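So the sequence lines, in the order shown, correspond to chains B and L. So in this note's numbering, the last one in the first sequence is 528, and the numbering has no gaps at all. So in this note's numbering, the last one in the second sequence is 276, and the numbering has no gaps at all.
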Amino acid sequence: MATRQTQGLARLMRAPAIILLFVWMIVPLGMTLYYSFLNYNMLNPGMTSWAGWFNYRYFYTDPAFLESIRNTLVLVGGVLAVTVVGGIFIAMLIDKPIWGQGIVRILVISPFFVMPPVAALIWKNMIMHPSYGVLADVAKFFGAQPVDWFAQYPLTSIILIVAWQWLPFATLILLTSLQSLDTEQMEAAEMDGAPAYARFLYLVLPHMARAITVVILIQTIFLLGIYAEILVTTNGGPGSASTNLTFLIYKAARLNFDIGGAAAGGIIAVVLANIVAIFLMRAVGRNLD
Amino acid sequence: MARATSRNARIGWTVAAWLVALLIFFPILYTIVTSLKTEQEAIAGFDLIPSFTLESYATVQSQNNYWRPFTNSVILSVGSTLLALIVAIPAAWAMAFSPTKRTRDILMWMLSTKMMPAVAVLVPIYLIFLRTGLMDTRIGLTILLMLINLPIVVWMLYTYFREIPGEILEAARMDGATLRDEILYVLTPMAIPGIASTLLLNIILAWNEAFWTIQLTTTNAAPLSAFIASFSSPQGLFWAKLSAASVMAIAPILVLGWFSQKQLVRGLTFGAVK
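Set out below in structure tokens:
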């Protein structure tokens with residue numbers, strides 16, 4: 240089927256996408272690497288000079304950096320735990336013979352389509368606000384003291400919001416996987432007297448293993464970059480209690496105008512994301528052939 | 003289901019599923035309810051029955067110049083998606099119908115560009131936008147969003163195109179179809195559903211993008227995501243107005259999203275889960 244002529248045409252058709260993505264990947268990344276070795280502050284751009292490894296030493300020995308790494312890990316880990324466990328539970332629930340399954344599905348996936356700033360503001364003002372939020376109303380109803388979520392538990396509050404946004408994604412993918420489970424196998428196990436927990440542990444979970452892996456990896460890629468939710472709720476605070484790596488680099492670049500420092504921070508963000516990416520690429524690549 | 007489920011069990015599961023679904027949907031529902039309240043009602047404590055006033059919607063549109071960010075959102079999301087399709091359709095087409103030994107590697111490499119954290123290139127992109135006058139322009143942001151979503155667009159299209167059976171082309175050729183006929187009457191009709199799904203999902207993704215839109219706009223090109231984020235400051239809107247602005251920002255995409263559930267799984271897992 241592939242003559243030389245069609246091969247030439249195919250090359251021509253592929254070229255624009257490949258060239259665009261190549262430039263998009265190489266140019267900014269190269270610039271980040273270059274800037275990371277400069278003393279470059281936008282407040283006095285005339286004073287730019289070669290910095291060697293200074294930015295790296297400065298950025299990585301800053302206590303705020305270690306705290307941001309810790310916050311990033313807690314944030315990603317917390318959201319993953321909630322969404323994977325919750326997602327398995329909800330997917331199995333929706334998969335049961337229920338009335339109105341279509342509407343239940345629509346209700347459950349809706350949070351995914353809410354843009355991050357709106358999701359964060361809804362939770363901040365409507366749900367978690369210490370005087371006007373629904374949770375405050377509930378607390379008052381039971382005669383308890385309303386919780387000032389973002390002041391007392393900033394990171395937990397953000398985990399809650401982000402988990403709410405990503406729960407639909409996990410549920411939908413796990414549900415897709417669950418629906419391809421062989422029902423005959425399940426029935427056979429049931430007839431042989433396997434209890435529900437055993438069927439779950441030895442049939443359902445192994446079947447979903449691949450989908451769970453994909454959920455974890457893809458979410459991690461997106462969760463490493465959480466930004467808008469932090470910006471509109473805690474702005475990284477109190478102090479830097481809810482500053483993740485993305486937010487720390489944003490602060491260095493946009494609020495401190497420290498181009499060199501932000502670039503050095505960006506390089507470690509690339510390294511972190513790449514570690515996850517390698518695993519994801521393996522999972523996806525296996526499915527290509 | 004071969005096994006008949008007892009009616010009671012079915013009622014039990016239905017109630018449980020609906021409770022969970024309503025709990026998850028509650029923040030959105032409550033925002034819609036609050037948007038229909040007056041400001042006094044909105045802070046008067048929990049109440050699911052609003053007075054059904056449209057006052058807040060009117061205020062948001064007149065005071066906050068809502069239509070500019072809305073228009074920007076439409077232009078940015080549709081524009082960037084169309085641009086991406088123009089570049090991606092030929093590429094995905096070529097990779098699906100005349101694959102080479104390197105096609106697989108090219109696809110994996112494209113996927114890897116999507117893994118690059120946005121914040122890692124914040125500094126250079128910000129400086130490039132400043133120096134070239136692209137800052138706060140629709141054209142700059144449209145191109146950027148196009149580049150961000152290009153890998154997903156190529157991947158989605160590729161997985162759809164690959165499902166078009168090659169035999170059908172041979173059959174068409176046997177019947178004397180020319181290359182032009184093949185593309186126009188055989189491949190295009192079969193490819194259109196895949197292209198439509200890709201279009202839909204990427205409009206959603208571009209509409210909801212909230213890192214670059216906040217970094218690279220101030221007023222002129224700010225879409226809804228940047229517009230809403232500006233309400234985080236204390237002098238922002240009040241409860242009912244914030245709710246109205248939120249509902250208007252998410253309603254179009256929520257409806258589009260309901261139609262694209264299936265494509266969502268496929269697009270966001272790069273075909274790893276179908």
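Glycine residues also receive a C-beta, built at the ideal position from the N, C-alpha and C atoms. Note that the coordinates shown come from a computational prediction; the quantities given were computed from them, not determined experimentally.
Since S281(L) meets chain B, which of its residues come closer than 9 Å, beta carbon to beta carbon? Nothing can be reported for residue 281(L), as the shown portion of chain L is limited to 3 through 276.
Among residues of its own chain, excluding the 5 on either side of L420(B), which ones have a beta-carbon nearer than 6 Å to its beta-carbon? In the first sequence, the residue the question calls residue 420(B) occupies position 181. Excluding residues within five positions, the ones whose Cβ falls inside 6 Å are H446.
Within chain L, the residues that R253(B) reaches when beta carbons sit closer than 8 Å: On the first sequence, position 14 is the one that residue 253(B) refers to. Those are P92, A93, A96, M97, I108, listed as they occur along chain L.
If distances are taken between C-alpha atoms only, which option among I308(B), D334(B), A502(B), G325(B) comes closest to S416(B)? To locate residue 416(B), count along the first sequence from 1; it is residue 177. Looking at the Cα atoms, D334(B) is the closest of the given residues.
Quick one: what's got a C-beta closer than 8 Å to L1(L)'s C-beta in the same chain, skipping five residues either side? Limits of chain L in this structure are 3 at one end and 276 at the other, which puts residue 1(L) out of reach.
CB-CB under 6 Å to Y68(L), same chain, minus the five flanking residues each way: which ones, in chain order? One-based indexing of the second sequence puts residue 68(L) at position 66. Hits under 6 Å: V62.
For the candidate residues A96(L), G81(L), A228(L), A120(L), whose alpha-carbon lies nearest to that of A512(B)? To locate residue 512(B), count along the first sequence from 1; it is residue 273. Of the candidates A96(L), G81(L), A228(L), A120(L), the one whose C-alpha sits nearest the C-alpha of A512(B) is A120(L).
State the Cα-Cα distance for the pair I77(L) and T83(L), rounded to the nearest angstrom. Reading the second sequence from its first residue, position 75 is the one you call residue 77(L). Reading the second sequence from its first residue, position 81 is the one you call residue 83(L). Taking the straight line from one Cα to the other gives about 10 Å.
If we cut at 8 Å on Cβ distances, does W15(L) have a partner in chain B? Position 13 of the second sequence, counted from the first residue, corresponds to residue 15(L). For W15(L), the answer is yes, since a Cβ of chain B falls inside 8 Å of its Cβ.
Bridge partners for L21(L) per DSSP, in chain order? Here the question's residue 21(L) lines up with position 19 in the second sequence. DSSP lists no partner for L21(L).
Check the C-beta distance from A98(L) over to Y187(L) and give it rounded, since I have them as a contact under 8 Å. Mapped onto the second sequence, residue 98(L) falls at position 96. Mapped onto the second sequence, residue 187(L) falls at position 185. Contact doesn't hold; Cβ gap of about 18 Å is too wide.
Below 8 Å between beta carbons is the criterion; list the residues of the segment 239-263 of chain L that meet it against any residue of chain B, in chain order. W241, L244, S245, S248, A251, I252, I255, L256, L258, G259, W260, Q263
So is L253(B) buried or exposed if we call it buried at 16+ other beta carbons inside 10 Å? In the first sequence, residue 253(B) corresponds to position 14, counting from 1. It is Arg, not Leu, that sits at residue 253(B) in the sequence shown. It is buried - the Cβ of R253(B) has at least 16 other Cβ atoms within 10 Å.
In terms of alpha-carbon separation, which member of I348(B), L462(B), P284(B), R309(B) lies closest to L411(B)? Along the first sequence, read from residue 1 onward, the residue named residue 411(B) stands at position 172. Among I348(B), L462(B), P284(B), R309(B), the Cα nearest to that of L411(B) belongs to I348(B).
Please list the partners that W362(B) has in chain L, where partner means a Cβ-to-Cβ separation under 8 Å. Here residue 362(B) refers to the residue found at position 123 of the first sequence. Against W362(B), the close residues of chain L are P29, in the order they occur along the chain (beta-carbon pairs closer than 8 Å).
Specify the secondary structure class of A463(B) as computed by DSSP and reduced to three states. Along the first sequence, one-based indexing puts residue 463(B) at 224. According to the sequence displayed, residue 463(B) carries Leu and not Ala. L463(B) falls in the coil class under three-state DSSP.
For F233(L), decide whether its Cβ has a neighbour in chain B, counting only Cβ atoms nearer than 8 Å. Locating residue 233(L) in the second sequence gives position 231, counting from the first residue. Closer than 8 Å to some Cβ of chain B, the Cβ of F233(L) qualifies, so yes.
Exposure label - V510(B); buried when at least 16 CB within 10 Å: Reading the first sequence from its first residue, position 271 is the one you call residue 510(B). Exposed, by the Cβ-count rule.
Contacts that G351(B) makes with chain L (C-beta to C-beta distance below 8 Å): For the purposes of this step, residue 351(B) is taken as the residue at position 112 of the first sequence. The sequence as given places Phe at residue 351(B); Gly does not occur at that position. Those are G259, L266, listed as they occur along chain L.
Select from A223(L), L244(L), P225(L) the residue whose C-alpha is nearest the C-alpha of F233(L). Residue mapping note: residue 233(L) aligns to position 231 of the second sequence, counting from 1. Nearest C-alpha to F233(L): L244(L).
Proximity of S227(L) and P356(B) at Cβ, strictly below 8 Å: Within the second sequence, numbered from 1, the residue matching residue 227(L) stands at position 225. Within the first sequence, numbered from 1, the residue matching residue 356(B) stands at position 117. With contacts defined by Cβ atoms closer than 8 Å, S227(L) and P356(B) form a contacting pair.
In chain L, which residues lie with their C-beta within 9 Å of the C-beta of G464(B)? Reading the first sequence from its first residue, position 225 is the one you call residue 464(B). Those are P119, A120, V121, F213, listed as they occur along chain L.
Beta-carbon proximity check, G81(L) vs T139(L), cutoff 8 Å: Here residue 81(L) refers to the residue found at position 79 when the second sequence is read from its first residue. Here residue 139(L) refers to the residue found at position 137 when the second sequence is read from its first residue. Going by C-beta atoms, G81(L) is not nearer than 8 Å to T139(L).
Going by the DSSP bridge assignment, what does D301(B) pair with across the sheet? Working through the first sequence from its first residue, we reach residue 301(B) at position 62. Answer is none; D301(B) lacks a bridge partner.
Entirely within the segment 426-493 of chain B and at least 4 residues each: give me those alpha helix (DSSP H) ranges in chain order. Within the segment 426-493 of chain B, the complete alpha helix (DSSP H) runs of at least 4 residues are 435-438, 444-462, 467-472, 484-489.
Answer yes or no: do F389(B) and M367(B) have a C-beta to C-beta separation smaller than 8 Å? Numbered from 1 along the first sequence, position 150 holds the residue referred to as residue 389(B). Numbered from 1 along the first sequence, position 128 holds the residue referred to as residue 367(B). Yes, they are a contact pair.
Answer yes or no: does any C-beta atom of chain B fall closer than 8 Å to that of M3(L)? Walking along the second sequence from the start, residue 3(L) turns up at place 1. Note that M3(L) scores 45 on pLDDT, short of 50, meaning its location in the model is unreliable; the coordinates nonetheless yield the value given after this. At a cut-off of 8 Å between C-beta atoms, M3(L) counts as an interface residue with respect to chain B.
Looking at chain B, is there any beta carbon in it that lies within less than 8 Å of the beta carbon of P195(L)? As a first step, residue 195(L) must be located in the second sequence, where it is residue number 193. No Cβ of chain B is located within less than 8 Å of the beta carbon of P195(L).
Does the structure place the segment 157-174 of chain L close enough to the segment 89-107 of chain L that three or more beta carbon pairs sit under 8 Å? Touching, yes.
Measure the C-alpha to C-alpha separation of I469(B) and I127(L) and round it to an integer number of angstroms. Locating residue 469(B) in the first sequence gives position 230, where the first residue counts as 1. Locating residue 127(L) in the second sequence gives position 125, where the first residue counts as 1. Cα to Cα, the separation comes out at about 21 Å.
Quick check: the Cα distance between A86(L) and T73(L), rounded to an integer number of angstroms? Position 84 of the second sequence, counting from 1, holds the residue named residue 86(L). Position 71 of the second sequence, counting from 1, holds the residue named residue 73(L). In a straight line, the C-alpha of A86(L) is about 20 Å away from that of T73(L).
Whether or not the segment 274-289 of chain B and the segment 491-510 of chain B are in contact is what I'm after, with contact meaning three or more pairs of Cβ atoms, one per stretch, closer than 8 Å; do they touch? yes
Pick helix, strand or coil for S288(B), following the three-state DSSP scheme. Residue numbering aside, residue 288(B) sits at position 49 when the first sequence is read from its first letter. Strand, per DSSP.
Would you kindly work out how many angstroms separate the C-alpha atoms of I257(B) and L414(B), rounded to a whole number? Numbered from its first residue, the first sequence carries residue 257(B) at position 18. Numbered from its first residue, the first sequence carries residue 414(B) at position 175. Distance between I257(B) and L414(B), taken at the CA atoms: about 34 Å.
Own chain partners of A502(B) with C-beta closer than 6 Å, once the 5 adjacent residues on each side are dropped: As a working mapping, residue 502(B) is identified with position 263 in the first sequence. Same-chain partners within the cutoff: T271, Y274, S275.
According to DSSP, simplified to helix, strand and coil, what is D539(B)? It is not possible to answer for residue 539(B), since the shown part of chain B is limited to 240 through 528.
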